[in-house]
Amino acid sequence: MITGLFWAFSGIAILAALLCITRKSPVASALWLVVTLFALAGDYVLLDAQFIAVLQVLVYAGAIMVLFLFVIMLLNLGRSGTRTDIKGWMGRVLAAALGTALVLELLPLRDLGPPEQIRIPAGTLATLAETKGAVGMIAEPLFKAYLVPFEITSLLLLAAVIGAVVLAKRKL
Amino acid sequence: MLLQPALVVSAVLFALGVAGVLLRRNAIVIFMCVELMLNAVNLTFVALAQQLGPEGQVVVFFVMAVAAAEAAVGLAIVIGIYRHDQTLDLGNINLLSG
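Quick note, the sequences are listed as chains X and E, same order. In terms of the numbering used here, the first sequence is residues 2 to 173. In terms of the numbering used here, the second sequence is residues 71 to 168.
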């Protein structure tokens with residue numbers, strides 16, 4: 002049942018990703034990417050990452066994709082004219098060949114998996130989510146072991162905000 | 071166990087992102103393909119977090135923060151390029167080619 006659901010969500014995600022990279026109009030590409038992100042949020046729930054799934058919908062499918070769509074409409078790229086930005090047959094063959102090669106390289110890795118010694122017993126994450134809550138499960142390592150990276154993230158976001166404003170200003 | 075299916079899906083999504091970067095010329099669409107690759111890696115982290123503890127999900131949190139910063143700065147650069155060249159076709163943008 003869970004595996005079936007997982008494959009259903011994953012199938013939607015892969016199909017939408019394929020449509021995302023092949024649609025002519027940038028708006029269509031962005032909307033298909035939103036479908037991929039939503040389907041991945043479903044996958045995250047099945048993998049015991051409920052909080053990450055909520056963040057995926059709020060931050061990725063919400064904020065980041067709205068930013069993309071906003072820029073597409075600001076620059077008026079939505080009209081699907083006769084010109085396409087997809088490369089000619091050379092580029093298509095190259096992209097397909099390299100993509101296939103990459104999949105063939107990555108697929109054997111799935112049989113390796115993490116070593117037995119460092120693996121936690123199956124279902125530990127689910128019980129952790131039950132006792133501490135889906136948010137508390139992440140909050141504990143985040144605000145203890147990873148406190149310094151967390152604070153540095155706030156600096157990074159501040160730098161990004163200032164950088165975006167400076168770059169997008171009409172006159173420097 | 072969902073680890074192996076998740077790794078397969080993540081590999082396919084990452085390859086689709088790479089193929090998209092190679093296939094398109096529009097700078098914004100290339101950006102979206104990079105987001106697709108980031109998401110594929112996030113799926114790997116979440117799948118392995120199920121076996122190795124919740125720290126993997128903390129890493130996904132950081133990746134999302136970096137992706138948000140990257141999108142903000144990258145799209146500001148895209149707007150700057152469009153204002154300068156009136157195009158987003160990466161074949162026509164050759165400011166640095168001397």
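Built from N, CA and C at the ideal position, the CB exists for glycine as well.
Notebook entry, point to check: Excluding five sequence neighbours on each side, which residues of the same chain lie with their C-beta closer than 8 Å to the C-beta of L38/X?
Noted result: Contacts found: Q57, V58, Y61, A62 and M66.
*Return the chain-ordered list of same chain residues with a C-beta closer than 7 Å to the C-beta of A135/X, the five sequence neighbours on each side being excluded.*
Q51 and F52
ask   = So with Cβ pairs under 8 Å, would you call L16/X a contact of chain E?
value = no
**OP:** Using a threshold of 8 Å, state whether the C-beta atoms of M2/X and P124/E are closer than that.
**Re:** no
Self-check item: chain E contacts from the segment 100 to 120 of chain X (Cβ-Cβ distance under 8 Å)
Solution: G100, T101, L103, V104, L107, L108, L110, R111, D112, G114, P115, I119 and R120
(Q) Using C-beta distances below 8 Å, list every residue in its chain close to W47/X, excluding the 5 sequence neighbours before and after it, in chain order. (A) The sequence given here has Leu at residue 47/X, not Trp. The residues I3, L6, F7 and F10, in chain order, have a CB closer than 8 Å to that of L47/X in the same chain once the five nearest residues on each side in sequence are set aside.
Same chain, Cβ closer than 7 Å to L108/E, neighbours up to 5 away in sequence not counted
V133 and A137
Assuming A117/E contacts A76/E (C-beta within less than 8 Å), just tell me the rounded distance between them. About 3 Å separates the two Cβ atoms, so the contact holds.
Considering M71/E, what are the terminal residues of the alpha helix (DSSP H) in which it resides?
-> Counting along the chain, M71/E falls outside any alpha helix (DSSP H), and DSSP gives it neither H nor E.
Query - Under 8 Å between C-beta atoms of C21/X and L160/E - result: no
Considering only the beta carbon of each residue, do L93/E and A14/X sit closer than 8 Å?
no
Between A142/E and V28/X, which are expected to be in contact by the criterion C-beta below 8 Å, what is the C-beta distance as a whole number of angstroms?
Contact between A142/E and V28/X does not hold, since their C-beta atoms are separated by about 20 Å, which reaches or exceeds 8 Å.
**Asked** So with Cβ pairs under 8 Å, would you call L133/E a contact of chain X?
**Response** Sequence check: residue 133/E is Val here, not Leu. No, because no Cβ of chain X sits closer than 8 Å to the Cβ of V133/E.
**Request:** Using a Cβ cut-off of 8 Å (strictly closer), state whether W90/X contacts chain E.
**Result:** Chain E contact via Cβ: absent.
Measure the Cβ-Cβ separation of L126/X and Q120/E and say whether it is below 8 Å. yes
> Along chain X, in chain order, which residues have C-beta atoms closer than 9 Å to that of I149/E?
Replying inline: V72, L75, L76, L168 and A169
Taking its Cβ as the centre, do 16 or more other Cβ atoms sit within 10 Å of L158/E, making it buried, or is it exposed? buried
>> Any beta carbon of chain X sitting closer than 8 Å to that of I98/E?
In response: yes
| task | Using a Cβ cut-off of 8 Å (strictly closer), state whether T37/X contacts chain E. | result | Chain E contact via Cβ: present.
Check your understanding: For a contact meaning CB atoms closer than 7 Å, what does V116/E contact in chain X?
Key -> Y45, L48, A50 and I53
Check: Taking C-alpha atoms, which residue in T114/E, I147/E, I98/E and F131/E lies nearest to N77/X?
Finding: I98/E
Next on the checklist: Along the chain, where does the alpha helix (DSSP H) containing K133/X start, and where does it finish?
Outcome noted: T125 to K133
Answer yes or no: do L83/E and L113/E have a C-beta to C-beta separation smaller than 8 Å?
yes
Cβ of V60/X within 8 Å of any chain E Cβ:
yes
Starting from the beta carbon of L129/X, find every residue of chain E whose beta carbon is closer than 7 Å, and list them in chain order. P124
With burial defined as no fewer than 16 other Cβ atoms inside 10 Å of the residue's Cβ, what is the status of R29/E: buried or exposed?
Missing from the structure shown is residue 29/E; chain E here goes from 71 to 168 and no further.
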